[in-house]
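A.B. asks: So in UniProt numbering, the last spot in the sequence shown is 102, and the numbers never skip.
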Amino acid sequence: MIDKQMWHDWIKRQMEMVSGETLTKLSSEALQIDKNELDKRLLPKQVNMNDWPPEVMTYVYGTQTLDVWGYVISSLELDEMYVAGVVMNNQLKWSELGGEEA
Numbered sequence: 001m002i003d004k005q006m007w008h009d010w011i012k013r014q015m016e017m018v019s020g021e022t023l024t025k026l027s028s029e030a031l032q033i034d035k036n037e038l039d040k041r042l043l044p045k046q047v048n049m050n051d052w053p054p055e056v057m058t059y060v061y062g063t064q065t066l067d068v069w070g071y072v073i074s075s076l077e078l079d080e081m082y083v084a085g086v087v088m089n090n091q092l093k094w095s096e097l098g099g100e101e102a
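#1: Who are the Cβ neighbours of residue 6 in its own chain at under 7 Å, not counting the five residues just before and after it?
#2: Going by DSSP, what residue range makes up the beta strand (DSSP E) through residue 87?
#3: Quick check on residue 96: does DSSP put it in helix, strand or coil?
#4: What did DSSP end up calling residue 42 once you bin it into helix, strand or coil?
#5: Just to confirm the assignment, what range does the beta strand (DSSP E) spanning residue 32 have?
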C-alpha cells in the first residue's frame with residue numbers, strides 16, 4: 001500500500017513548482033470511479049489506460065481558488081500509481097506516468 005500522506009506532500013510540491021506559489025493548505029477528495037469517466041483532456045497524451053482495471057482510485061488536491069490542482073490515479077488497492085498530474089488554468093502543466101515524468 002502506498003502512503004497517502006506521501007502522495008499529498010509530493011503532489012503539493014509539484015503544484016508549487018508549476019504555479020510558482022507557496023501553497024499552505026490543500027483540500028483533497030478521494031473517488032473510486034470508472035476509468036472511462038476520467039477527463040482525457042486532463043491526462044497526458046501518452047497515457048495508456050488499456051492495462052488499467054475498470055475502476056481506479058482518483059485523489060484530487062486543490063487550492064481554495066481551484067486555479068491550480070493536482071491528481072493521482074492509482075489502483076483500488078493503492079499498490080500502483082498509474083498517473084499523476086498538475087492542472088493550472090484548466091490545462092495539464094505537469095504529469096508523471098507510473099514513476100516516469102511525462
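Even glycine gets a Cβ: it sits at the ideal position worked out from N, Cα and C.
Predicted, not measured: the structure shown is a model, and the values here were computed from it.
C.D. replies: Working from what's here:
#1: none
#2: 81 to 88
#3: strand
#4: helix
#5: 27 to 34
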